[in-house]
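Novice: Mind having a look at this structure? Questions to follow.
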Amino acid sequence: MADRTVAQLVVDRLRAWRVPRAFGCPGDAIAPVVEALDTAGGDPEFVPARHEEAAAFMATGHAKFTGGIGVCLATQGPSAVHLLNGLYDAKLDSRPVVAILGEDVTGPLGEVHEEIGLSRLFGDVCHQFVRYGRTPAQVPALLDQALRTAAATRSPTCVVLPRALQVAVVPDLQPDTVGVLNATPGEPLARVLPHQADLDAAAALLSVGARVAILVGQGARGAAGQIAALADRLGAGVASSLPGKPVLDERLPFHTGVLGAVGTTAAAQLMGGADTLLLVGTNDPWTDYLPMPGQARTIQIDIDGRRIGSRYPVDVPLVGDATETLRALLAQVADRPHRQWRATVSGSVERWRAEAAARAAEPAEPVNPQLVLHELSTRLPRTGSVAVDVGSVLYWYARHLELPPGVDAQLCGALGSPGCAVPYALAAKLERPDEPVIAMLGDGAMQLNGLAELITVAHRWQGWADPRLVVLVLNDRDQRGLDHRGWVPGVAGRRADVPYAGWARLLGLHGVRVDRPELVGAAWDEALAADRPCVLEAVVDPGVPLRVPEPALADLRGLFADGDAARRVRDRMMSAERSVVEAEDLV
Numbered sequence: 371m372a373d374r375t376v377a378q379l380v381v382d383r384l385r386a387w388r389v390p391r392a393f394g395c396p397g398d399a400i401a402p403v404v405e406a407l408d409t410a411g412g413d414p415e416f417v418p419a420r421h422e423e424a425a426a427f428m429a430t431g432h433a434k435f436t437g438g439i440g441v442c443l444a445t446q447g448p449s450a451v452h453l454l455n456g457l458y459d460a461k462l463d464s465r466p467v468v469a470i471l472g473e474d475v476t477g478p479l480g481e482v483h484e485e486i487g488l489s490r491l492f493g494d495v496c497h498q499f500v501r502y503g504r505t506p507a508q509v510p511a512l513l514d515q516a517l518r519t520a521a522a523t524r525s526p527t528c529v530v531l532p533r534a535l536q537v538a539v540v541p542d543l544q545p546d547t548v549g550v551l552n553a554t555p556g557e558p559l560a561r562v563l564p565h566q567a568d569l570d571a572a573a574a575l576l577s578v579g580a581r582v583a584i585l586v587g588q589g590a591r592g593a594a595g596q597i598a599a600l601a602d603r604l605g606a607g608v609a610s611s612l613p614g615k616p617v618l619d620e621r622l623p624f625h626t627g628v629l630g631a632v633g634t635t636a637a638a639q640l641m642g643g644a645d646t647l648l649l650v651g652t653n654d655p656w657t658d659y660l661p662m663p664g665q666a667r668t669i670q671i672d673i674d675g676r677r678i679g680s681r682y683p684v685d686v687p688l689v690g691d692a693t694e695t696l697r698a699l700l701a702q703v704a705d706r707p708h709r710q711w712r713a714t715v716s717g718s719v720e721r722w723r724a725e726a727a728a729r730a731a732e733p734a735e736p737v738n739p740q741l742v743l744h745e746l747s748t749r750l751p752r753t754g755s756v757a758v759d760v761g762s763v764l765y766w767y768a769r770h771l772e773l774p775p776g777v778d779a780q781l782c783g784a785l786g787s788p789g790c791a792v793p794y795a796l797a798a799k800l801e802r803p804d805e806p807v808i809a810m811l812g813d814g815a816m817q818l819n820g821l822a823e824l825i826t827v828a829h830r831w832q833g834w835a836d837p838r839l840v841v842l843v844l845n846d847r848d849q850r851g852l853d854h855r856g857w858v859p860g861v862a863g864r865r866a867d868v869p870y871a872g873w874a875r876l877l878g879l880h881g882v883r884v885d886r887p888e889l890v891g892a893a894w895d896e897a898l899a900a901d902r903p904c905v906l907e908a909v910v911d912p913g914v915p916l917r918v919p920e921p922a923l924a925d926l927r928g929l930f931a932d933g934d935a936a937r938r939v940r941d942r943m944m945s946a947e948r949s950v951v952e953a954e955d956l957v
């Protein structure tokens with residue numbers, strides 16, 4: 371066999387690990403690897419982004435939407451720095467991503483203009499694995515270890531390859547090491563179940579609970595059937611974290627929606643009345659919305675034992691895969707639905723849905739942003755993907771868009787970085803070009819990097835079997851900051867009013883601009899029927915209030931600084947619980 375270069379070995383290893391594409395920006399220090407990818411016949415392919423931050427978001431989006439390993443490329447210096455945001459997204463949301471960096475150090479003292487200490491720069495975000503390639507013989511094992519570590523730890527890793535090493539010739543001394551692949555990246559590497567004693571304790575708690583609440587996170591993906599069956603068996607209500615929104619069909623009558631500051635009043639009320647709480651694959655930070663300490667006995671399921679009890683006190687920890695653990699619990703939990711509690715939950719859900727529809731119908735100047743998401747909810751394709759950015763769009767997405775089963779949705783969960791939606795949408799579309807994709811973002815995120823990445827969309831869309839990629843831009847022209855309490859005072863301003871739909875048309879894409887509420891539905895119909903990607907620009911009112919739901923029994927939370935007061939409140943709750951159980955037994 372002819373000798374190959376190290377750059378070609380990189381391509382070989384990515385192919386062996388079934389990595390379909392690598393995202394990045396070409397540069398001299400990584401040029402040999404990019405050239406090798408360009409001559410690889412698309413297996414894997416190189417996807418050039420307009421900016422390295424977008425490339426890293428694409429790699430993380432690929433990992434989120436597919437469960438596989440995302441790969442991004444960059445050179446040293448500022449190019450490497452720009453990767454950090456997307457890599458921290460992967461780290462905080464536990465997604466496997468490998469960053470391959472080129473370095474060209476040719477000065478007399480090994481110094482060049484753009485040199486940055488890459489091992490220190492990436493030492494935190496890629497703390498599981500940061501290595502330099504030194505010799506050609508090291509490279510295959512080095513890349514295998516980076517890919518294996520990313521898959522096993524569900525985190526980003528980093529490999530630095532000097533440019534001189536990339537072009538070095540490697541004699542074919544031994545056969546390629548093929549067949550070293552892990553289980554599907556991002557998934558448990560084995561069938562993981564908790565100890566039987568812990569399962570027994572959890573089943574006992576669930577069986578005696580009179581008002582059970584289940585909080586579902588992204589770690590529960592694939593367990594929708596088990597969650598619904600357990601909820602029916604116990605007469606429980608269900609809420610989801612924001613990243614867990616796609617896990618379970620929100621149209622179910624006992625699904626209260628998203629919990630937290632962006633969420634629904636029904637979800638807050640569910641937690642306020644619960645005496646038993648089951649957390650499934652969630653590390654939700656909005657603990658103010660969980661039951662008050664001492665109110666509910668709590669079980670937590672997570673594949674990563676480090677997360678159990680890190681946000682909220684837990685009575686029974688269950689370290690295991692969500693689907694397998696729930697299946698084991700179903701075999702032990704008695705069929706004892708609590709009809710009064712389920713009726714209470716369902717009534718709360720009905721009231722919230724009516725309230726949400728009323729909010730969407732409220733007049734605004736010119737368009738109510740809630741109406742835009744409400745109109746999409748009835749038109750959302752039954753297959754495909756949704757990418758959601760950061761900002762007020764998260765509130766409207768969480769409350770007004772019902773995701774049908776089979777439609778995945780991803781967002782920048784723990785990091786909360788704006789500018790991720792369009793790169794995410796591109797990653798989803800490149801993986802499944804025969805399905806529609808919708809990106810949702812505000813005008814600030816669109817100006818951040820969405821405008822530039824529309825060039826990438828324009829460059830690639832004609833090869834897609836289904837050309838539909840709709841980019842919804844909520845154009846409110848507002849520069850105020852946003853946090854969990856709402857708009858931050860004192861920094862109000864007007865953002866430049868960019869013609870987003872017009873920019874799309876300049877690129878050869880479709881563009882629709884809507885500024886009248888009675889035309890919102892027709893605008894969605896036009897965007898979803900377009901024969902090419904489309905930017906739907908909705909001119910919305912920045913003054914529509916976010917209306918953060920109040921945590922149930924919020925006025926009592928201060929009592930828990932006093933241990934005696936806490937015990938008195940808990941005693942009253944236990945007494946009320948006994949009354950409910952006795953009443954249900956008589957029904």
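Residue numbers for the sequence shown follow my numbering, beginning at 371 and rising by one. Positions of the beta carbon are idealized from the N, C-alpha and C atoms, including for glycine. It should be emphasised that the depicted structure is a prediction, and the values quoted were computed from it without experimental measurement.
Would you say residue 753 and residue 801 are within 7 Å of each other, going by their C-beta atoms?
Specialist: It is not a contact, given that the beta carbons lie outside the stated cut-off.
Novice: Leaving out five residues before and five after residue 440 in sequence, what residues of the same chain have Cβ atoms less than 6 Å from its Cβ?
Specialist: Around residue 440: 429, 430, 432, 433 and 467.
Novice: In chain order, what residues of the same chain lie with their CB nearer than 6 Å to the CB of residue 900, ignoring the 5 residues before and after it?
Specialist: Excluding sequence neighbours, residue 900 sits near 880.
Novice: Buried or exposed: which applies to residue 888, given that a residue is buried once 16 or more other Cβ atoms fall within 10 Å of its Cβ?
Specialist: Label assigned to residue 888: exposed.
Novice: What are the complete beta strand (DSSP E) segments, minimum 3 residues, inside the stretch 877-916?
Specialist: 880-884 and 904-909, all fully within the stretch 877-916.
Novice: Would you say residue 884 and residue 897 are within 7 Å of each other, going by their C-beta atoms?
Specialist: No. Outside cutoff.
Novice: In whole angstroms, give me the CA-to-CA distance for residue 778 and residue 757.
Specialist: Near 9 Å, if we compare the C-alpha coordinates of residue 757 and residue 778.
Novice: Thinking residue 629 and residue 602 are a contact (beta carbons under 8 Å), I'd like their distance in whole angstroms, please.
Specialist: Contact doesn't hold; Cβ gap of about 20 Å is too wide.
Novice: State the DSSP-derived secondary structure class of residue 502, mapped to helix, strand or coil.
Specialist: Residue 502: strand per DSSP, three-state reduction.
Novice: Suppose only complete runs of 3+ residues qualify. What are the beta strand (DSSP E) ranges in the stretch 552-614, listed by chain order?
Specialist: Within the stretch 552-614, the complete beta strand (DSSP E) runs of at least 3 residues are 582-586 and 607-610.
Novice: Would you mind giving the Cβ-Cβ distance between residue 405 and residue 377, rounded to the nearest angstrom? I have them listed as a contact below 8 Å.
Specialist: Yes, residue 405 and residue 377 are in contact; Cβ-Cβ is about 7 Å, under 8 Å.
Novice: Just verifying my parser: in three-state terms, what is the DSSP assignment at residue 450?
Specialist: Helix.
Novice: From the DSSP output, which residues share a beta bridge with residue 744?
Specialist: DSSP output for residue 744 lists no bridge partner at all.
Novice: Any contact between the stretch 441-450 and the stretch 382-400? By contact I mean 3 or more CB pairs, one from each, below 8 Å.
Specialist: Segments in contact, yes.
Novice: Measuring only the C-alpha atoms, how far is residue 661 from residue 745?
Specialist: Straight-line Cα distance between these residues: approximately 33 Å.
Novice: What's the C-alpha gap between residue 488 and residue 867?
Specialist: Their Cα atoms are separated by approximately 39 Å.
Novice: Quick check on the burial criterion: 16 or more other C-beta atoms within 10 angstroms. Buried or exposed for residue 783?
Specialist: Result: buried.
Novice: Which residues does DSSP pair with residue 779 in a beta bridge?
Specialist: Bridge partners of residue 779: 756.
Novice: Sort 735, 720, 789 and 577 by Cα distance to residue 620 and report the nearest one.
Specialist: Comparing Cα-Cα distances from residue 620 to each of 735, 720, 789 and 577, the minimum goes to 720.
Novice: Among 608, 755, 685 and 580, which residue has its Cα nearest to the Cα of residue 569?
Specialist: Residue 569 has its Cα closest to that of 685, out of 608, 755, 685 and 580.
Novice: If I'm right that residue 818 touches residue 763 with Cβ under 8 Å, what's the distance once you round it to whole angstroms?
Specialist: Their Cβ separation, rounded to whole angstroms, is 13 Å, which puts residue 818 and residue 763 out of contact at 8 Å.
Novice: At a cut of 8 Å, does the stretch 560-579 reach the stretch 591-598 through at least three beta carbon pairs?
Specialist: No: the two stretches stay apart, fewer than three of their Cβ pairs being nearer than 8 Å.
Novice: Leaving aside the five residues before and after residue 932 along the sequence, list all residues of the same chain whose C-beta is less than 6 Å from its C-beta, in chain order.
Specialist: Per-residue confidence for residue 932 stands at a pLDDT of 47, beneath the threshold of 50, marking its modelled position as unreliable; no derived number is given.
Novice: Cβ of residue 768 within 7 Å of Cβ of residue 792?
Specialist: No, they are not a contact pair.
Novice: Measure the Cβ-Cβ separation of residue 895 and residue 815 and say whether it is below 7 Å.
Specialist: Cβ distance not < 7 Å, so residue 895 and residue 815 don't count as in contact.
Novice: So, is residue 562 buried or exposed, given that buried needs 16 or more other C-beta atoms within 10 angstroms?
Specialist: Residue 562 should be labelled exposed.
Novice: For residue 846, does the three-state DSSP call read helix, strand or coil?
Specialist: In this structure, residue 846 counts as coil in the three-state DSSP scheme.
Novice: Identify whether residue 435 lies in helix, strand or coil by the three-state DSSP scheme.
Specialist: Residue state, collapsed to three classes: helix.
Novice: Please list the segments of the alpha helix (DSSP H) lying wholly inside the stretch 379-441, counting only runs of 4 or more residues, in order along the chain.
Specialist: Those alpha helix (DSSP H) runs which fall completely within the stretch 379-441 and span 4+ residues are 401-408 and 422-436.
Novice: Count the other CB atoms, across all protein chains shown, that sit within 10 Å of the CB of residue 680; report buried if there are 16 or more and exposed otherwise.
Specialist: That one is exposed.
Novice: I'd like the list of long-range same chain contacts for residue 519, defined as Cβ closer than 7 Å, with 5 residues on each side in sequence excluded.
Specialist: Hits under 7 Å: 498, 499 and 527.
Novice: Kindly list the residues whose CB is nearer than 7 Å to the CB of residue 701, restricted to its own chain and excluding five residues on each side of it in sequence; keep chain order.
Specialist: Once the five neighbours on either side are set aside, residue 701 has no close Cβ partner at all.
Novice: Where does residue 548 sit, in a helix, a strand or coil, going by DSSP?
Specialist: The predicted model places residue 548 with a pLDDT of 45, which falls under 50 and marks its position as unreliable, so this point remains unresolved.
Novice: Who are the Cβ neighbours of residue 547 in its own chain at under 6 Å, not counting the five residues just before and after it?
Specialist: Interpretation of residue 547 is limited by its pLDDT of 48, a score under 50 that renders its predicted location unreliable; no figure is taken from the coordinates.
Novice: Based on Cα-Cα distance, which residue from 508, 513 and 687 lies nearest to residue 539?
Specialist: Of 508, 513 and 687, the residue nearest in Cα terms is 508.
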